[in-house]
Each structure stands twice: as structure tokens, then as C-alpha cells.
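Novice:
There are 4 protein chains.
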Amino acid sequence: MQGYALKMHKIPVGVLGASGYAGRELCALVARHPALTLGFAAANERRGECLKIDGRAISFVAAEDAPLHQTPLIFTALPHGTSAEWVDRARDAGARVIDLSADFRPGSARGAGVPYGLPELTRDAVRDAVRGASLVANPGCYATAILLALIPAVAGGLIATDATVSVTAASGVTGAGTAPRRDLMFGEVTENFSAYALGNTHHHLTEVRSTLGAFGGAAIDLVFTPHLLPVARGILATVTLPLAVPLADPLAVWSEFYAGEPFIEVTSAAPTLRDVAHRNVARISVVAAAGVRRPAVVVIVAIDNLLKGAAGQAVQNANLVLGLDETLGLAA
Amino acid sequence: MQGYALKMHKIPVGVLGASGYAGRELCALVARHPALTLGFAAANERRGECLKIDGRAISFVAAEDAPLHQTPLIFTALPHGTSAEWVDRARDAGARVIDLSADFRPGSARGAGVPYGLPELTRDAVRDAVRGASLVANPGCYATAILLALIPAVAGGLIATDATVSVTAASGVTGAGTAPRRDLMFGEVTENFSAYALGNTHHHLTEVRSTLGAFGGAAIDLVFTPHLLPVARGILATVTLPLAVPLADPLAVWSEFYAGEPFIEVTSAAPTLRDVAHRNVARISVVAAAGVRRPAVVVIVAIDNLLKGAAGQAVQNANLVLGLDETLGLAA
Amino acid sequence: MQGYALKMHKIPVGVLGASGYAGRELCALVARHPALTLGFAAANERRGECLKIDGRAISFVAAEDAPLHQTPLIFTALPHGTSAEWVDRARDAGARVIDLSADFRPGSARGAGVPYGLPELTRDAVRDAVRGASLVANPGCYATAILLALIPAVAGGLIATDATVSVTAASGVTGAGTAPRRDLMFGEVTENFSAYALGNTHHHLTEVRSTLGAFGGAAIDLVFTPHLLPVARGILATVTLPLAVPLADPLAVWSEFYAGEPFIEVTSAAPTLRDVAHRNVARISVVAAAGVRRPAVVVIVAIDNLLKGAAGQAVQNANLVLGLDETLGLAA
Amino acid sequence: MQGYALKMHKIPVGVLGASGYAGRELCALVARHPALTLGFAAANERRGECLKIDGRAISFVAAEDAPLHQTPLIFTALPHGTSAEWVDRARDAGARVIDLSADFRPGSARGAGVPYGLPELTRDAVRDAVRGASLVANPGCYATAILLALIPAVAGGLIATDATVSVTAASGVTGAGTAPRRDLMFGEVTENFSAYALGNTHHHLTEVRSTLGAFGGAAIDLVFTPHLLPVARGILATVTLPLAVPLADPLAVWSEFYAGEPFIEVTSAAPTLRDVAHRNVARISVVAAAGVRRPAVVVIVAIDNLLKGAAGQAVQNANLVLGLDETLGLAA
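These protein sequence lines are chains A, B, C and D, in that order.
In this text, residue positions in the first sequence follow our numbering: the first is 40, and each later residue adds one.
In this text, residue positions in the second sequence follow our numbering: the first is 40, and each later residue adds one.
In this text, residue positions in the third sequence follow our numbering: the first is 40, and each later residue adds one.
In this text, residue positions in the fourth sequence follow our numbering: the first is 40, and each later residue adds one.
(1) Work out the CA separation of Arg-166(C) and Gly-156(C) for me, nearest whole Å.
(2) Can you name, in chain order, every residue of its own chain whose Cβ lies under 8 angstroms from the Cβ of Ile-50(C), other than the five neighbours on each side?
(3) Over what stretch of residues does the beta strand (DSSP E) that includes Gly-351(B) continue unbroken?
(4) Any beta carbon from chain A within less than 8 angstroms of Leu-361(C)'s own beta carbon?
(5) Of all the residues that make up the region 176-193 of chain B, which are near chain A by a beta-carbon distance shorter than 8 angstroms?
(6) With a floor of 4 residues, list each alpha helix (DSSP H) that falls wholly inside the region 79-132 of chain C, ordered by position along the chain.
(7) Considering just the uninterrupted stretch of the alpha helix (DSSP H) at Leu-68(D), what are its terminal residues?
(8) Using 8 angstroms as the limit for Cβ to Cβ distance, is Glu-227(C) near chain B?
(9) Tell me the rounded alpha-carbon separation between Leu-346(B) and Ile-97(B).
(10) For the beta strand (DSSP E) that Ile-323(C) lies in, which residues bound it at each end?
(11) Between the Cα of Leu-290(C) and those of Asn-319(C), Leu-189(C), Thr-213(C), Thr-229(C), spot the shortest distance and give me the residue it belongs to.
(12) Hey, His-119(C) and Ala-102(C): beta-carbon distance below 8 angstroms or not?
(13) Here's the rule I'm using: 16 or more other beta-carbon atoms within 10 Å means buried, otherwise exposed. How should Pro-281(B) be labelled?
(14) In the region 314-333 of chain B, which residues sit with their C-beta less than 8 angstroms from some C-beta in chain A, listed in chain order?
(15) Is the beta carbon of Ser-210(C) sitting closer than 8 angstroms to the one on Asn-344(C)?
(16) CB-CB under 7 angstroms to Leu-45(A), same chain, minus the five flanking residues each way: which ones, in chain order?
(17) Verify the CB distance criterion: does Pro-118(A) have a CB-CB separation below 8 angstroms to chain C?
(18) Can you tell me which of Val-69(D), Gly-171(D), Arg-86(D), Glu-84(D) puts its alpha carbon nearest to the alpha carbon of Gly-78(D)?
(19) Output, in sequence order along the chain, the residues in the region 228-254 of chain B whose CB is closer than 9 angstroms to any CB in chain C.
(20) Tell me where the alpha helix (DSSP H) around Thr-183(D) begins and ends.
(21) Buried or exposed for Glu-230(C), please, with buried defined as at least 16 other CB atoms from any protein chain shown within 10 angstroms of its CB.
(22) Does the CB of Ala-215(D) have a neighbour CB from chain C at under 8 angstroms?
(23) Taking 8 angstroms as the threshold, find out whether the region 258-269 of chain B comes into contact with the region 301-313 of chain D through three or more Cβ pairs.
(24) Taking C-beta pairs closer than 9 angstroms, name the residues in chain A that Ala-271(C) reaches, listed in chain order.
(25) Taking all protein chains shown into account, decide if Cys-89(A) is buried (16 or more other Cβ within 10 angstroms of its Cβ) or exposed.
(26) I'd like the list of long-range same chain contacts for Leu-379(B), defined as Cβ closer than 7 angstroms, with 5 residues on each side in sequence excluded.
(27) For Cys-66(C), which residues of its own chain have a beta-carbon under 7 angstroms away from its beta-carbon, when the five flanking residues on both sides are left out?
(28) Could you check the C-alpha separation between Met-40(B) and His-48(B) for me, to the nearest Å?
(29) Can a CB atom of chain C be found closer than 8 angstroms to the CB of Arg-221(A)?
(30) State yes or no: is the C-beta of Gly-255(D) within less than 8 angstroms of the C-beta of Val-193(D)?
(31) Measuring CB atoms only, is the region 270-281 of chain D touching the region 194-204 of chain D, in the sense that at least three cross pairs come out at less than 8 angstroms?
(32) Let me make sure I understand the geometry here. Which of Ser-122(A), Val-292(A), Leu-275(A) has the alpha-carbon closest to that of Ala-321(A)?
(33) Look at the alpha carbon of Cys-180(D) and the alpha carbon of Thr-161(C), and state the distance between them as a whole number of angstroms.
(34) Is Ala-184(C) closer than 8 angstroms to Val-336(C) when the C-beta atoms are compared?
(35) Determine the DSSP secondary structure at Pro-51(D), reduced to helix, strand or coil.
(36) Counting contacts by CB-CB distance shorter than 8 angstroms, is Val-262(C) in contact with chain D?
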């Protein structure tokens, strides 16, 4: 791996939307990546500024001034809605694109035929699709956690067909972006906790439901309630899953499904945000519920929302698109 | 109410276990109470010390030295298991007791016949039982939040009979007490979040299930997953409730059930910990889940774990036991 | 005190700038005050809204619609610069005014002849001036902490004349107001700490220096460095004070200076923000520095920036202006 | 650098006291270091356990079982007082030692002749002494920040000779270690801030004063007040420095003194804890105080207490001792 970096020239990549939390994390990951180098960091609001990211000074240009034609791979970390236009411009310029917005994800208007870059959902199929792709839709942070929790059960046909699957999840504030908002001020968030998007109104449900459908889980009744945590980063999802039949060893099901996956850690201990902070991994635990008549398991998934939930997964997808080792630059 | 305080002598009450978080909160509430006065504050570990609680200097005595005979009402805020012995001693001395431990709660070995002090579960029955009681079992903090969320649905026969009811809840660290523990150090809790007692192993489930049973909900399949929040105080419970039939206006069901209750706030806005901090109230919201085939609602309940979840509710029960106005000293 | 409230009608007071942190705190204090009642709460940005403050619903009106003529006392908690105009309008309408802005503080363009409402600086003189006043300049939060630390030494002629007095202080984020700012977002403030206004550029220095001058301390060389803390509320000031002569018992100097003051607590234990949170008090400790040739003491002062540093002190001044007991509604 | 790692075998190093905050950070740094490998991690309390540190599983042995003889370099991260014995045993076994305790620092009973590993205090002398050493005393965290702030002024003879130099500093809780203590519980530290070791009683003053003496600053009157911050990691020191003569460009003095130092960043912007978190750097700013008669500057220094204040600096010293590039494994 290091040999690779020494032998070949580094590949220039660009970041559109580089001043947001995911964008900055992308810049930092690229700067440390043995096979990539940062061709440009674009952020209109901060054009001309030089930001210190992870100890490195990075100069920001306007998106209009970004050298799209000279950059083989571009990450778009722009707001939903805005991203699609820049994805088109980057592809017209000949670049491959990893799009971190929702604009091309499953269930969206332009999502058809675009691979959904959550490699661990299958052993090979997703990776094969991503490898040849000129555009990859990078999953949402909540969607990543929820799907990693559910797919082993869906694929195994374990979920009770008439059951309600409850997903509660809690995210750090970086999930809400860098734009100043009164409800995200320190004075409002500290010593506080709350639910939002009640009643299945969070927009990540679209890609979750579409993906469940693709795995034969179209009939699953999901109720998703996100929460805002007084922490900077991390998502913890808690899934209560009624089962069709009892499982003697539920942990083994998830453990076998993800066997060999470099970025999935299935553990008997309950995962914490700290376990996964600043790492491109999902840590998962599964426990059977005691004292119930209908069998059920609780699945807990922890990810760093900015890494496995955004920039880390985007680099993982970029590695696949560029034919590099999938783990390059993402040492856990 | 103020006239009352002016006309009569204040009633001396005692606190056994006064140095813990709930015990200190009790001392503060009693000190501000217009009809009560602090007869003693006992805490073996800190006997002889003088603690500043809410700006008032309070001298701690050893439990053995507490004047049980001269104190008409005693709060026991001792660890589970230890409490029962002191409850017996206090009652032998002629005192009425509000016990904050689990030792006399529904489903426990000694819980039979002891009123469970969650007045809002019924309009009159609980209050009538508490009013004449010489001993009241004060509910657990999680149990308070969960039961306030569920009972309106149970009482109305709204819950689908074969469904799995998911309860996730998150608590501030004061719920875990004052004894030094490595996993509760600031350096471990800050910027962290995790689930614990996975698989229905939390001890509050006993009183929750027993109480549900008393309301005709013995058959409810509950899966409860508590979490630890990086905040000092507060509990937010998120309940996903599959329904037998759709509800046109779910909020109205909870709103009507709790109509006139001084310490329950049913709101259309999602409650936050901040809404209830330092207040003896439960704030509740209910929303129907969209995009599901089997109807379901999400119920959110926020309480201050040290007030409506412990000391505040204990004073509410003490007011009832002593024939005082239930809201005395608990101004929201 | 309670008898007072029962016997007489409550006095209506108004708050201009009621939606900021200090404004909301004022509304809450007035709502709980036994002799005052909230005549209006004005906040242009949130006119027409009904905010829950401390459990009470408060309707906000536009400043233009506030009934200035029917309100005997008005608090102005508006931004510096904006406040002066509204102070004039309120006084023209016949109201007495407690102004929380810097517009009328010592050293400001319009500060001459306006009493500076920090009663504890003298035993009688400040209070006498405030009692008869139609306008009181309420001190800044940092200025309150710094002056309470320094004045006993200045009044006693204890400070070495050619010395540099160092003041570092750290404030919670509510000191910076409610307007959304990127640098005050939770994601930026959590796990962070920094100094600002380096090199004596903080605007509170004006009122501090003017007040020191009035106490004979015009020659004191002060270097003030404020810091931003990852907490919601509180200020802790740490003052390093080179002395003209050694003090055998430095704590006694401050203790005697503030003897009998209801809102000052001089303690041998180092004060913490928690000691003073949600209380209208300043807690002060003083310790002699060991191992130095020139004698020096360290003075620590802790206040709640929103109470003794703003709204609480404003109510203290309002009580004086209205001829009420100075401590009314400010029970520690 | 990478070539180096590929060409030669990695050098095994050991950590005694590996379960504390500094010890764990050392394990993580060694695991990522291109020229070092972790020979053993010893921690009596947790012997036999396998801890996940930075995503890597590390098995802990008892100190007695550590293979001291086969380990060319050993870090001792043990409590003050306990460390000396193990330093002796490690040296008797032939190992070179970087001691993170205070036992061999300047001014301590056994500190004579032991190089004090703060390389940036001089351009060459400290590094020359460390390079040949069999034992290096790694500086304390506060001492590192304070000395980096002061030495350029001391070396330049800039400090007013009869002045009082004020140093206030604030540290995250990891500076206090991992042993459970009530005052370090999350519930006590959150939303709090306080000073401690008032009156020049902090034990780091010994090494600070001895080192100042070695640079000709024996006569400096220092008053040091440390504070506890509600953050996990980081130290920010604020130094108020009365000058013998005014400085036209104070920043230039520090900037020139540290020119070329890889781990020192002198900036015009005020440094924050976030700027230095998880990095082995000190970031420094210097500003002249306005409005004073005697000239003074304010120097702000930010470090990560666990890196430049402990484990990072220890690896920096280990690199020097082993003849490696000083920056190896410490990429900023």
C-alpha cells in the first residue's frame, strides 16, 4: 500500500462544498491519503480564505473557478438540490463524481441507475457496481446506520412480516451542517436532548425504504425517530426488531453477514460513539429481548456521522471507483 | 396556599440518604416549601459535614443519629436493598414514609398493598390511596416517563394486541448516582452516547410491567433500551406504539387523559429536556407515523429525572400524604 | 415579604428586548417576584409569538406597541447603541428605567450623572443614588465580577502603585447573546476554549476604569483578557493583584468589606460556577501567593452572568428604585 | 521516512502505566509510528485485559511481567513517586527511559543531571543533551505551556525585573488522570469551571522555576493559577507579562525565537484548544496591552495536554534519544 503511493503519482481530486463539516473532513482525508492529493477545495462563501484543516493550510476557491477538467475525481458535498447541477458540470468535464447529497440516492428523481455506495450491504454486488461507475450516490448518515442494522435481518428473512420496526437514532450537531442556526447554538444544545422529524418525516427514509425494497423488504413497517445530541459528532441507532422466529444466537447472524468486512465491527459489548469517533467504521451489537412473547432483538449501530456516515465512506467509494485498495487512507 | 404557610407551623420532615443527587434535591425542595421544614438530613458518608445546597447550608448527621421519632414524615433516598430496613425503622418510630427506592414498588417482594405514587395514572384512585398511606413507593425515573407515555393508550385499549412496543429512553448522568465510577467520569461521558441494559434487563421493567398489568396491559410486549446522555439531568423517552386502529387525532387522546393535571403538559411541539429542567412536570407529545400500513404513534415524554422522576414527585406524594395541596412547593 | 405581596397590588414592569438571554431571565424573575408583575415583554423579532419562559407562557409584543405610559418601571435589555433611544422614550413616557446596555454606564458619552447600579461597591452611597433615580445604568457582567474583586483592595489602598494587575475571566456563551453566529454553534464551542479581545480591547474596560477612578484607583494598570467557556452561563474572574504591603489575612479584608451584604459570599473555598448558577450572588475567595518576593494575592470571583451579571442585579436595582426591600424576589 | 520504516526493523518500546490517559495515548502513538513497535503495555490494575486503543486491541501485562531487558526504550507513565523505582529497574535492565512523571524533573530530588525534554527551549542545547541520554525527564503539561510562553521573553531580557508575572491556565479533565474521583464525575464538571491550587501551590511550579532559573530568570515573580475546564483535553495558558521596555512588534519576538521549530506555531490569531487537539504542537499568540502605562504583553499558548503536554512530547524525546528524525510519527 505504501509502495503504491511511492511508485505512482498521486491522483488529484477536488472537493466542491469544502467548507462544510463533511467537506472539511474530505479535505483532511485526502491530504493524508497515500494515493490522492487535493486538486482543489471549493466553497463560494469562503473563497479566497485559507483554512487550517487538521493542521494543514488549504486555500478555498469559488466553485466557478475550480479546475473541473483537470480533476479525475470530484466529491460534491453541496446542499441537497444544489448538488445535482454541479454533479452534471463535473461529469460534463470528464470527472468521476462521488456525490454526498441526496440528489442521486435511491428513490430520488435522478437516482435510477446510480450505484448507492454502501459497499457492505452485499459482499460483491455493490462494490462491482461502484467500481465501474462514473457517479456514485454516497449514503446519508442515518441511512448508513439504519441499513447496516437492518439488511442482515432482511436478507435472512428474519423480520416478522406484520411487525412494526422501531428505529430511534441520535446524532451529533455536525449532522446539521455549519450554517448558523439559533437552535444549534451552544447555549441551546448543551444539557439538552430532543427528538425531531417526528412521525416518519425525515428525508433519509426515502433511500432507506428504496434500499429495503431492493433487498425484498418493501413490506417492512418502519418508524424512524431521529434525535439531536449535545455532542459534535457521531450517530447511534437503536433498532427494535420483532422477529418471525426466535434466534438462538442473534449476534452470530450479523457477525457472519459482515465477516471479513474491514469497516464493520460486530461486538458483544454495546458500541459507544467514542468507539467509532474519527474512524471509518460501523460498530454493531445485537441482543435478544428477554421477557417478551413475540421474539425480538435490539440492534445498536454506532458510526462517526462525518466518516462512515459521510466523508470516510465517500473516500471508500472513491478508492473503489479509482481501482485502489478499498481501505487506502482509511486506516482504522 | 401562602396563607396556609403563614397560619400554621411548618411540618418537620427528614431525608435519609440526603447526600445523593435525589437526596440533595429533596433538601432543596423542602427548604423552599411553604409548609415543610427540614427536620434532619442524614448521610452516613458525609456525617458532620455542612453542604451548601441551593445556597443554604445544611448539616448532615449519621442515619443512626436522625430523630426519627420527632419527624412526622421521612423521605428515604437510600440505595435499593438498603432502603427497606430504614423504611421499617422510620415506620416503627411513627413516621410516614415516602420511599424513593425500588424496595416497595409494584412487583417487588414487599410491594403488595403499598400505593405506587404516580398520581397522574388515574384521576382519583392513586391519589385516594396515597392520601391515607403510611408508606408510599415513589416511582423510578424511567418508569415514570414510560408509564406516563403508555397508560392513556392502555386505558383506552388502543395498543395492537400482538405488537411489540419499543421504548428507548436517554437519561442524564445524575440518574446513576454520586458514587465515583470510571465510566461516569467527565472524560468518558463528554462527546459520548451509548445504550446499556440491552435486551430488557433494566430493573425498572418490574414496576412498569406490574403497573401495566394493573391497567389491563399485562399482554403488552415491551422492549426497553435505556441510554446514557452527556447531560447532568433529564430523561427523554421515545415510545413507538403500534395501534389496534388508526387515531384521527392522537394528541387529543393524551391531552384528554391528562386534562386538568397540574404537572402534565401535552404539547404539539416535541418536548426537550430544557423544557422540563428544574421543573416537576412531564411534557408529552404524540404524533402519528406516516407511511406505514399498520397504524402507529410515536409518544415523546420529557421529565427532569431528579424532580418528576424522583424528588419532585416525592414531595408531590408527601403533600398528598399530609393532606396539603398537591402542588405546594412545586411551582412550575 | 409575602404579606406585602398579599396586601398591595403588584407593580407592573416592562421589558424591552425580552427575547434575549437577559431579557428572558428578567421576564422569569418578574413573574416570580412577589411585588412586581409583567406589564409587557417586547421583542420586535418575535412579536406575536408566545414563549414559554420558566414554565410560563409570555406573549411578545413589538416595542412600538409596548404600553410605556402605563408602566412605572421598564427594563431595557437592548443592544448597546439601540438602547439609548428607547431609554429616552421610556423616560419621556414617565417610566423609571433600569438600562442593561452600556449606553449610560460610567465613561460612556451619556453616563454622567447616571447612577451605576452596583450597590455593593459602597455600603450606602450607591444605594442612596439608585433609590432616588429615574434611570440606573446596570453594570456589565465582566465589570461586575472585576469591580467586586478589586474595589476592596482599591478602597483600602492595598494595590502596589506601579504594578500590573492581571484580570483573566471566562464566560459562558449566553454572555454573547442569542443572535446566531458560526463561532457560537455547539459544534464549534464544545470541547473548546479560547481567549478573545486580547490586549485590553474589551468594551467593559471603560466602565471598569471609570469606576476605579471614582474610587481613587485611576492609576491602576489593568490588563484584562476574557475567555469563552463551553458552558451556558457563568463568569469566573481570576485577578492577580500585586500588593503594596503583605496582608496577614487577605480573606478578612474582602470579608469585612462585604460584611452584611446579602448577595456577596466570601469563602475560603475556591468558588465555582456551580456555586452561583441561577443565583443573584457573587462568591469571592482570596489567597496570598506563596514563593514571591513582592506580595500578591489571587482573587477569584464567580457570578451567574445572567443574574448578578445582568437580570438579577437589574431587579436588585429595581427594588431599590421602587423603595422595596433590595432582596425581594431574589432569594438565593 | 516511509522508506526508513520499510528498510529497517521497527524498534520495540514499552509503556509502563499504559492504562492512564497519557499511557493510552503513548500506545496509540507507538502503534502508528513508522519506526517503533509496541513491545509491551503494562498496567497492573488492568493486567490480562485487552483494551481497544485507537481501534487496535492491546493486551495489558503486569509491570512485573514486562520484558524490560528486551526493550531498548521504555516510557514510564506512572504516578509521581512510584515512577522513580521503575525508572531504576528499567535502566538496570539496560533500557533507555523517557519518564513522564515529576520524579526526575528540574528541582526534584533526583533531577540533577537529567535532561529536561522540552527541545524548543533552545535551538540545540536541549536536543544535544537529550540525544545522548539514557534518561529524559518529560515536562509536565502546564510547565510545557508556561515555559514555551515565557522563555523567549526571559532569554531576551524583556521582563520587567520588579514585576509580577501572572499565569492563569485552564486544563481539560484528562490532566487529572483516570482514577475515579467525585469531583471529576460528569455531573460535577459539566457546566462548571473553577480554579484550584490557589496561591502558587501547584507542583509544576518547581520545574518551571528551576528552568526559569537556568535561563537567568530566577528573579521572576510568578503567580500561577490553574483552572479545571469542562473539556476532555487541552491546556490554554494566558500569561500577562509586564515588560522592561515596550515592544514594537511583540509577536515577532516569539516568532523569531521559534523560527523553524516543527511543533511551534506562532500566529496572530488567538489560539484555541481546537486548533491543537490531537496534535503535538504548541500554538502561541502575543499581543501588546493597550491603555497601560507600564508596557505589558499577553501571551496565549494552547497545547493538547496529552500530546505536546505528555505523550507526544515523550515520543519527540524518544525520537531524539534513538537518533531518529524528531518529527517521526508525530505528523501534525
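For glycine and all other residues, C-beta sits at the position ideal for the given N, C-alpha and C.
Specialist: Considering the structure as presented:
(1) Along the third sequence, one-based indexing puts residue 156(C) at 117. Along the third sequence, one-based indexing puts residue 166(C) at 127. If I take the Cα positions, the gap works out to 8 angstroms.
(2) Counting from one through the third sequence, the residue named residue 50(C) turns up at place 11. Counting only residues of its own chain and dropping the five nearest sequence neighbours on each side, Ile-50(C) has a CB closer than 8 angstroms to the CB of Ala-74, Leu-75, Thr-76, Pro-111, Leu-112, Leu-361.
(3) Numbered from its first residue, the second sequence carries residue 351(B) at position 312. Taken as a continuous stretch (DSSP letters only), Gly-351(B) belongs to no beta strand (DSSP E), being part of the alpha helix (DSSP H) at 350-360.
(4) One-based indexing of the third sequence puts residue 361(C) at position 322. It does not: the Cβ of Leu-361(C) has no partner Cβ on chain A nearer than 8 angstroms.
(5) Result list empty, no residue passes.
(6) Segments of the alpha helix (DSSP H) lying fully in the region 79-132 of chain C: 122-131.
(7) Numbered from its first residue, the fourth sequence carries residue 68(D) at position 29. Segment 60-71, the alpha helix (DSSP H) holding Leu-68(D).
(8) On the third sequence, residue 227(C) is found 188 positions in, with the first residue counted as 1. No, no contact with chain B.
(9) Within the second sequence, numbered from 1, the residue matching residue 346(B) stands at position 307. Within the second sequence, numbered from 1, the residue matching residue 97(B) stands at position 58. Cα to Cα, the separation comes out at about 20 angstroms.
(10) As a first step, residue 323(C) must be located in the third sequence, where it is residue number 284. Element bounds for Ile-323(C): 321-327.
(11) Counting from one through the third sequence, the residue named residue 290(C) turns up at place 251. Leu-290(C) has its Cα closest to that of Leu-189(C), out of Asn-319(C), Leu-189(C), Thr-213(C), Thr-229(C).
(12) The residue you call residue 119(C) lines up with position 80 of the third sequence. The residue you call residue 102(C) lines up with position 63 of the third sequence. No, these two residues do not count as a Cβ contact at 8 angstroms.
(13) Here residue 281(B) refers to the residue found at position 242 of the second sequence. Residue burial is scored here from C-beta neighbours: Pro-281(B) has at least 16 other C-beta atoms within 10 angstroms and is therefore classed as buried.
(14) Here the close residues are Ala-316, Ser-324, Val-326, Ala-327, Ala-328, Ala-329, Gly-330, Val-331, Arg-332, Arg-333.
(15) One-based indexing of the third sequence puts residue 210(C) at position 171. One-based indexing of the third sequence puts residue 344(C) at position 305. Ser-210(C) is a Cβ neighbour of Asn-344(C), given a cutoff of 8 angstroms.
(16) Taking the first residue of the first sequence as 1, we reach residue 45(A) at position 6. Annotation note: pLDDT 46 at Leu-45(A) (below 50); position unreliable, no value reported.
(17) Taking the first residue of the first sequence as position 1, residue 118(A) is located at position 79. Using a Cβ-Cβ cut-off of 8 angstroms, Pro-118(A) does not count as an interface residue toward chain C, since no Cβ of chain C sits closer than that to its own.
(18) For this step, residue 78(D) is matched to residue 39 along the fourth sequence. When only C-alpha atoms are compared, the closest one is Val-69(D).
(19) Flagged, chain order: Thr-229, Glu-230.
(20) Taking the fourth sequence and counting its residues from 1, one reaches residue 183(D) at position 144. Residues 180-194.
(21) The residue you call residue 230(C) lines up with position 191 of the third sequence. Buried: at least 16 other Cβ atoms inside 10 Å.
(22) The residue given as residue 215(D) occupies position 176 in the fourth sequence. By this cut-off, Ala-215(D) is not an interface position.
(23) These segments do not touch.
(24) Residue mapping note: residue 271(C) aligns to position 232 of the third sequence, counting from 1. Neighbours of Ala-271(C) on chain A, chain order: Phe-225, Gly-226, Glu-227, Thr-229, Glu-230.
(25) For the purposes of this step, residue 89(A) is identified with residue 50 of the first sequence, where counting begins at 1. Looking at its Cβ environment, which holds fewer than 16 other Cβ atoms inside 10 Å, Cys-89(A) is exposed.
(26) Missing from the structure shown is residue 379(B); chain B here goes from 40 to 371 and no further.
(27) Translated into positions along the third sequence, residue 66(C) becomes position 27. Taking Cys-66(C) as the centre and dropping the five residues before and after it, the same chain places the C-beta of Val-54, Ala-57, Leu-77, Ala-80, Ile-92, Ile-97 closer than 7 angstroms to its C-beta, in chain order.
(28) The residue you call residue 40(B) lines up with position 1 of the second sequence. The residue you call residue 48(B) lines up with position 9 of the second sequence. Legend: pLDDT at Met-40(B) = 35, less than 50; position of this residue unreliable, value from coordinates given subsequently. Rounded to whole angstroms, the separation of the alpha carbons of His-48(B) and Met-40(B) is 13 angstroms.
(29) Here residue 221(A) is taken as the residue at index 182 of the first sequence, counted from 1. Contact with chain C is found for Arg-221(A), since one of that chain's Cβ atoms lies less than 8 angstroms from the residue's Cβ.
(30) Counting from 1 along the fourth sequence, the entry for residue 255(D) is found at position 216. Counting from 1 along the fourth sequence, the entry for residue 193(D) is found at position 154. Yes. Within cutoff.
(31) As far as the Cβ criterion goes, the region 270-281 of chain D touches the region 194-204 of chain D, which means the pair count is three or higher.
(32) Mapped onto the first sequence, residue 321(A) falls at position 282. Nearest of Ser-122(A), Val-292(A), Leu-275(A) to Ala-321(A), Cα basis: Leu-275(A).
(33) Indexing the fourth sequence from 1 puts residue 180(D) at position 141. Indexing the third sequence from 1 puts residue 161(C) at position 122. If you take the alpha carbons of Cys-180(D) and Thr-161(C), they lie about 42 angstroms apart.
(34) Taking the third sequence and counting its residues from 1, the one referred to as residue 336(C) is at position 297. Taking the third sequence and counting its residues from 1, the one referred to as residue 184(C) is at position 145. In this structure, Val-336(C) keeps its C-beta atom at 8 angstroms or more from the C-beta atom of Ala-184(C).
(35) Locating residue 51(D) in the fourth sequence gives position 12, counting from the first residue. Three-state result, Pro-51(D): strand.
(36) Taking the first residue of the third sequence as position 1, residue 262(C) is located at position 223. For Val-262(C), the answer is yes, since a Cβ of chain D falls inside 8 angstroms of its Cβ.
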